[in-house]
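Novice:
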Amino acid sequence: AQSVTQLGSHVSVSEGALVLLRCNYSSSVPPYLFWYVQYPNQGLQLLLKYTSAATLVKGINGFEAEFKKSETSFHLTKPSAHMSDAAEYFCAVSDRSNDYKLSFGAGTTVTVRA
Amino acid sequence: DTGVSQNPRHKITKRGQNVTFRCDPISEHNRLYWYRQTLGQGPEFLTYFQNEAQLEKSRLLSDRFSAERPKGSFSTLEIQRTEQGDSAMYLCASSLQGGRGPGANVLTFGAGSRLTVL
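So the protein sequences, as listed, match chains A and B.
Position in the first sequence (from 1) plus 643 gives the number in the working numbering.
Position in the second sequence (from 1) plus 6 gives the number in the working numbering.
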């Protein structure tokens with residue numbers, strides 16, 4: 644079965660600094676990988692997805708992620724943090740062996756310091 | 007396309023009562039999923055439908071839980087004899103299974119229904 648591990652449950656960055664959220668996946672077949680963002684008391688919003696096309700994926704709000712098969716990683720980055728980036732971020736994986744059901748990591752909470 | 011709609015957004019109930027949540031997916035989506043999310047955790051899969059057929063139920067879905075999607079459109083999730091441990095956010099998502107477009111097999115989530123059992 645596929646799974647993801649998010650390294651670090653909390654990340655604190657200064658406004659304007661680099662945001663780096665780490666995600667490693669496990670999958671026996673080529674995976675689809677996703678990053679979702681969740682603001683307080685809201686549902687999940689898709690930031691970006693990797694579905695076997697380009698390995699560097701650009702998403703909304705200036706985020707991007709790179710699929711590295713050799714490292715089984717899909718880390719999320721943003722060059723310059725904004726106060727509005729404060730939220731919880733979830734990495735997720737799906738693949739055809741599990742009929743494309745999503746499996747989520749435990750999440751990383753991002754706080755942005757002024 | 008109005009996205010995935012969930013109602014009610016919040017429900018407070020007493021232990022032992024029954025509750026029902028409704029999910030209206032994106033109209034052209036044939037797949038519908040239910041997830042549960044507790045505080046500080048990632049969403050956990052509960053069950054999913056392909057059109058009106060329920061394809062899989064997680065072990066998290068006890069006998070007190072039942073989900074339906076009678077006409078392959080909206081879905082309901084009912085919890086009978088609620089317990090305090092049922093307090094969580096219940097998330098619904100839909101997707102278009104198959105096809106080769108950029109949205110194929112990508113889940114779109116609703117805003118969730120938060121349940122508090124007193």
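Positions of the beta carbon are idealized from the N, C-alpha and C atoms, including for glycine.
#1: What's the C-alpha gap between Ser-204 of chain B and Val-10 of chain B?
#2: Short of 8 Å in beta carbon distance, which residues of its chain neighbour Glu-714 of chain A, apart from the five on each side in sequence? Order them along the chain.
#3: Kindly give me the distance between the Cβ atoms of Leu-83 of chain B and Ala-73 of chain B, rounded to whole angstroms, as I take these residues to be in contact under 8 Å.
#4: Alpha carbons only, please: which of A:Leu-691, A:Thr-720, A:Leu-745, A:Phe-747 is nearest the one belonging to Leu-661 of chain A?
#5: Taking 8 Å as the limit between beta carbons, can you name the residues of its chain near Thr-19 of chain B, skipping five residues before and five after?
#6: Taking CB distances under 9 Å as the criterion, tell me whether Pro-49 of chain B reaches chain A.
#7: Please compile the residues from chain B whose C-beta is within a distance smaller than 7 Å of the C-beta of Lys-692 of chain A.
#8: If distances are taken between C-alpha atoms only, which option among B:Gly-109, B:Ser-101, B:Asn-111 comes closest to Pro-31 of chain B?
#9: Should Gly-22 of chain B go down as buried or exposed, given a rule of 16 or more other Cβ atoms within 10 Å for buried?
#10: Taking C-beta to C-beta, are Gly-116 of chain B and Gly-686 of chain A nearer than 9 Å?
#11: Looking at the structure shown, is Arg-37 of chain B part of a helix, part of a strand, or coil, going by DSSP?
#12: Which chain B residues sit within Cβ distance under 9 Å of Gln-685 of chain A?
Specialist: Once the coordinates are examined:
#1: The structure shown does not extend to residue 204 of chain B, since chain B is modelled only from 7 to 124, so the question has no answer here.
#2: Stepping through the first sequence from its first residue, residue 714 of chain A is reached at position 71. Hits under 8 Å: Asn-667.
#3: As a working note, residue 83 of chain B is residue 77 in the second sequence. As a working note, residue 73 of chain B is residue 67 in the second sequence. That belief holds up - the Cβ atoms of Leu-83 of chain B and Ala-73 of chain B are roughly 5 Å apart, short of 8 Å.
#4: Locating residue 661 of chain A in the first sequence gives position 18, counting from the first residue. For Leu-661 of chain A, the nearest C-alpha among the options comes from A:Thr-720.
#5: The sequence position of residue 19 of chain B within the second sequence is 13, counting from 1. If we look at Thr-19 of chain B and ignore the five residues flanking it on each side, its Cβ neighbours are Val-25, Thr-88, Leu-121, Thr-122, Val-123, Leu-124.
#6: In the second sequence, the residue the question calls residue 49 of chain B occupies position 43. Interface residue, yes.
#7: Residue 692 of chain A sits at position 49 when you count from the first residue of the first sequence. Ordered by position in chain B, the residues that pass the 7 Å Cβ test against Lys-692 of chain A are Val-112.
#8: Within the second sequence, the letter at position 25 stands for residue 31 of chain B. Residue B:Ser-101 is the option with its Cα nearest to Pro-31 of chain B.
#9: By one-based count along the second sequence, residue 22 of chain B stands at place 16. By the 10 Å Cβ count, Gly-22 of chain B comes out exposed.
#10: Working through the second sequence from its first residue, we reach residue 116 of chain B at position 110. Working through the first sequence from its first residue, we reach residue 686 of chain A at position 43. For Gly-116 of chain B and Gly-686 of chain A, yes; Cβs fall inside 9 Å.
#11: Here residue 37 of chain B is taken as the residue at index 31 of the second sequence, counted from 1. Looking at Arg-37 of chain B - three-state DSSP - the assignment turns out to be strand.
#12: Position 42 of the first sequence, counting from 1, holds the residue named residue 685 of chain A. Result: Ala-117, Gly-118.
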